[in-house]
Amino acid sequence: MKQRGSEYMEKYKSNHLILKDVSLIDCNTDHVQKNMTISIRNGIIEKIIKEGELETFEDTKVITLTGKTVIPGLIDSHVHLFQSGVDDFMKPYAEKLIKKFKRNCWLTIRSGVTTVRNMPGGRGYKIFKYKEKVNKGEIIGPRILASGPAISVPYSYFSILAYLPFNSFVRFFIERLFRIRGLSIDVNNEREAKEVVRRLKREGVDFIKTITPGSNYPYAEDENMKLELLTKGLKNEHLEASMQPRILRAISEEANKLDLKVACHNIYGTEGFSEAVKAGVDSIEHSPMGLLSEEIFNLMKEKEVYWVPTAHAIYNWKNIIDNPDIYETEEMKELVPEPFHSFGKKCLQKVRDDIENGGFWSKFHNDVEIFKHEYFPVNISKAIEKGVKIVAGVDCGAGGAGYIPHGQLHKELELYVVNGMGEFDALQTATKNAAELLGKIDELGTIEEGKVGDIVVLDSDPLKNICNLKRINLVIKEGNIVFNKKEPF
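The opening position of the sequence shown corresponds to residue 0 in numbering that gives the first Met the number 0, with each subsequent residue numbered one higher.
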């Protein structure tokens, strides 16, 4: 049964919702509490009791959920809601932005994710307008914490100069023609960095996104590869550009003064990862192509730096490259509809051709094989051993080295378990740990009285098998049912 978002929200809106006879995983402990009843009033968890009856009113909705397991609403700490999971960055007219955003929000919420941390995309400022539509209930979607544009340095990762290497006059019109204003703000020194942090705070960002030191073209150290890249039109500025540790420290210090968290995109290797930890960022995004030292993990633990591995993106990329039929499944066509599916198919074939010809992607393809069997398993094992806080993020929406549609958080958690993490600890990466990183632990991340009524009802216990996170019965956000398996939107 298809319904418009506003009609669906109105149908399931509830000022007072009672969930009876549930098995509760509150995510504070791994103890499953049986036969529990949860009362949510005006969006807040009012009461949690063992069996018994709670007071009801004229507008109370009571749902008996015998045999079901409830967990906190999940948090995906690394998404791109304006992107579809293919290289659609320069295809702004392929579909109305609002339609794409609505679909991505819906794919996210139906997967049990009620909160996201939205990373920069080609339309960094648009997110503030759209997240208000979600907050007002005009769009069914997750709670959004947004960074707006990233802070970069000229010609490095995120830098608009890396994509549009024209003079400022020409770039001004191209940015507006293709509606890509807001990808990044470039800075040249510490003073500019601090000014930009203050500006972004005034513009309403929820956190700061920036980059680690390191080259965006790690294979350029190979002279043949460097020549190939230069032949394709890149300049030495592209190959040599790198965030400076002193600028990164300035960003972190200023953000800390303004109570803003700093998420730092790791550029490929381990050196920049280490420099970012030393600079005082709050989280490192993505996994390095290499092995991190015990010293770095110890420092992360000491400085309380969180790690958001986004490992599924890398595993998924190689899987799709090596197995073209995966991209042709009905599931993938639903998650990435036309025109993006056909566009993505062409982009993937170009990558396969480049691999076959020994180009840039062939080196990355080889590194990913090592990543799957050595870099990631060893790094995550060390992180767990040293007590580093890991937070789940999928990089949903990313093309390039990802091809991740929205609503795939469960696959990231499955990878953690495959690589040695326990089911409960994996679940905490998308609940309690994530809420701590976002600075929202007083509101989100666990099921407790006084917290926001974000709850996922599952048909089976995820502590017995993490794959049970896919078996979603209901998704409740702020006390309202936003997804019902029996009657999907």
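Beta carbons: idealized from backbone N, C-alpha and C, even for Gly.
Hey, residue 45 and residue 448: beta-carbon distance below 8 angstroms or not? Counted from its first residue, the sequence shown places residue 45 at position 46. Counted from its first residue, the sequence shown places residue 448 at position 449. It is a contact, given that the beta carbons lie within the stated cut-off.
Which stretch, first to last residue, makes up the alpha helix (DSSP H) that contains residue 415? One-based indexing of the sequence shown puts residue 415 at position 416. Residues 408 to 417.
Start and end of the alpha helix (DSSP H) containing residue 436? As a first step, residue 436 is located in the sequence shown; it is residue number 437 there, counting from the start. First-last of the alpha helix (DSSP H) with residue 436: 431 to 437.
What did DSSP end up calling residue 475 once you bin it into helix, strand or coil? Along the sequence shown, read from residue 1 onward, the residue named residue 475 stands at position 476. Strand at residue 475.
Would the stretch 50 to 64 count as touching the stretch 14 to 28 if we require 3 or more Cβ pairs under 8 angstroms? yes
Could you give the residue range of the beta strand (DSSP E) that holds residue 112? Counted from its first residue, the sequence shown places residue 112 at position 113. 112 to 117 is the extent of the beta strand (DSSP E) around residue 112.
Name the one or two DSSP bridge partners that residue 35 has. Here residue 35 refers to the residue found at position 36 when the sequence shown is read from its first residue. BP columns for residue 35 point to 21 and 49.
CA-CA distance, residue 28 and residue 293? Along the sequence shown, read from residue 1 onward, the residue named residue 28 stands at position 29. Along the sequence shown, read from residue 1 onward, the residue named residue 293 stands at position 294. Roughly 28 angstroms between the two C-alpha positions.
Tell whether a beta-carbon distance below 8 angstroms holds between residue 268 and residue 288. Translated into positions along the sequence shown, residue 268 becomes position 269. Translated into positions along the sequence shown, residue 288 becomes position 289. Yes; because the gap between Cβ atoms is below 8 angstroms, this pair is in contact.
Mind checking whether residue 78 and residue 393 have CB atoms under 8 angstroms apart? Translated into the one-based positions of the sequence shown, residue 78 becomes position 79. Translated into the one-based positions of the sequence shown, residue 393 becomes position 394. For residue 78 and residue 393, yes; Cβs fall inside 8 angstroms.
Taking only runs that begin and end inside the stretch 247 to 328, name each unbroken alpha helix (DSSP H) of 4 or more residues, in chain order. 270 to 278, 293 to 302 and 310 to 321
Inter-residue spacing [alpha-carbon to alpha-carbon] between residue 374 and residue 136: Indexing the sequence shown from 1 puts residue 374 at position 375. Indexing the sequence shown from 1 puts residue 136 at position 137. Approximately 43 angstroms between the Cα atoms of the pair.
Going along the chain, which residues of its own chain have a beta-carbon closer than 7 angstroms to the beta-carbon of residue 467, five neighbours each way excluded? In the sequence shown, counting from the first residue as 1, residue 467 sits at position 468. Within the same chain, residue 467 has close Cβ partners 457, 459, 460 and 461.
Touch test, the stretch 307 to 319 against the stretch 278 to 286, Cβ-Cβ under 8 angstroms, three pairs minimum: yes
Which residue marks the beginning of the beta strand (DSSP E) containing residue 77, and which one marks its end? Taking the first residue of the sequence shown as 1, we reach residue 77 at position 78. Unbroken beta strand (DSSP E) run through residue 77: 73 to 78.
Contact belief for residue 99 with residue 83 at Cβ below 8 angstroms, rounded distance in angstroms: Sequence index remark: in the sequence shown, residue 99 carries index 100 (1-based). Sequence index remark: in the sequence shown, residue 83 carries index 84 (1-based). Residue 99 to residue 83, Cβ: 6 angstroms. Contact.
Below 8 angstroms, how does it come out for the stretch 425 to 444 and the stretch 353 to 368: are there three or more Cβ pairs, yes or no? no
Where residue 419 falls, given that 16 or more other Cβ within 10 Å makes a residue buried: Numbered from its first residue, the sequence shown carries residue 419 at position 420. With fewer than 16 other Cβ atoms within 10 Å, it is exposed.
Do you know how far the Cα of residue 184 is from the Cα of residue 195? Taking the first residue of the sequence shown as position 1, residue 195 is located at position 196. Taking the first residue of the sequence shown as position 1, residue 184 is located at position 185. Roughly 8 angstroms between the two C-alpha positions.
Using a 10 Å radius around the Cβ and a threshold of 16 neighbouring Cβ atoms, would you call residue 338 buried or exposed? As a first step, residue 338 is located in the sequence shown; it is residue number 339 there, counting from the start. That one is exposed.
By Cβ distance below 8 angstroms, which residues in the same chain neighbour residue 60 in space, the five residues on each side in sequence not counted? Taking the sequence shown and counting its residues from 1, one reaches residue 60 at position 61. Answer for residue 60: 13, 15, 16 and 17, listed in chain order.
Alpha carbon to alpha carbon, how far is residue 148 from residue 445? Locating residue 148 in the sequence shown gives position 149, where the first residue counts as 1. Locating residue 445 in the sequence shown gives position 446, where the first residue counts as 1. Whole-angstrom Cα-Cα distance: 30 angstroms.
Taking the alpha carbon of residue 276 as the reference point, which residue from 396, 472, 256 and 251 has its own alpha carbon closest? Taking the sequence shown and counting its residues from 1, the one referred to as residue 276 is at position 277. With distances taken between Cα atoms, residue 276 lies closest to 251.
What does the Cβ neighbour count give for residue 472, buried or exposed, with the cut at 16 atoms within 10 Å? As a first step, residue 472 must be located in the sequence shown, where it is residue number 473. The residue in question, residue 472, is buried, as its Cβ has 16 or more Cβ neighbours within 10 Å.
Are residue 291 and residue 188 closer than 8 angstroms when you measure CB to CB? Against the sequence shown, residue 291 aligns to sequence position 292. Against the sequence shown, residue 188 aligns to sequence position 189. No, these two residues do not count as a Cβ contact at 8 angstroms.
With DSSP as the reference, label residue 149 as helix, strand or coil. The sequence position of residue 149 within the sequence shown is 150, counting from 1. Of the three classes helix, strand and coil, the one that applies to residue 149 here is strand, per DSSP.
Buried or exposed: where does residue 380 fall if 16 or more other Cβ atoms within 10 Å of its Cβ makes it buried? Counting from 1 along the sequence shown, the entry for residue 380 is found at position 381. So residue 380 counts as exposed.
Coil, strand or helix - residue 59 by DSSP: Here residue 59 is taken as the residue at index 60 of the sequence shown, counted from 1. Correct three-state label for residue 59: strand.
Beta-carbon contacts of residue 279 that lie in its chain and below 6 angstroms, excluding the five residues immediately before and after: Taking the first residue of the sequence shown as position 1, residue 279 is located at position 280. The residues are 251.
What are the start and end residues of the beta strand (DSSP E) that includes residue 209? Counted from its first residue, the sequence shown places residue 209 at position 210. Start and end: 206 to 210.
DSSP bridge partner residues for residue 482 (one or two, in chain order): Reading the sequence shown from its first residue, position 483 is the one you call residue 482. Looking at the DSSP assignment, residue 482 forms a beta bridge with 474.
Residue range of the beta strand (DSSP E) that includes residue 455: The residue labelled residue 455 in the question sits at position 456 within the sequence shown. Per DSSP, residue 455 belongs to the beta strand (DSSP E) from 454 to 457.
Could you check if residue 320 is buried or exposed, using at least 16 other CB atoms within 10 Å of its CB as the buried criterion? Residue mapping note: residue 320 aligns to position 321 of the sequence shown, counting from 1. Its Cβ being crowded by 16 or more others within 10 Å, residue 320 is buried.
By DSSP, does residue 178 sit in helix, in strand, or in coil? Here residue 178 is taken as the residue at index 179 of the sequence shown, counted from 1. For residue 178, the predicted structure reports a pLDDT of 45, less than 50, and the residue's modelled location is therefore unreliable. A value from the coordinates is still provided. Reduced to three states, the DSSP call for residue 178 is coil.
C-alpha distance - residue 85 paired with residue 198, whole-angstrom precision: On the sequence shown, position 86 is the one that residue 85 refers to. On the sequence shown, position 199 is the one that residue 198 refers to. Distance between the alpha carbons of residue 85 and residue 198: 31 angstroms.
If residue 144 sits next to residue 116, beta carbons under 8 angstroms apart, how far is it from one beta carbon to the other, in whole angstroms? The count along the sequence shown starts at 1 and reaches residue 144 at position 145. The count along the sequence shown starts at 1 and reaches residue 116 at position 117. About 5 angstroms; that satisfies the 8 angstroms criterion.
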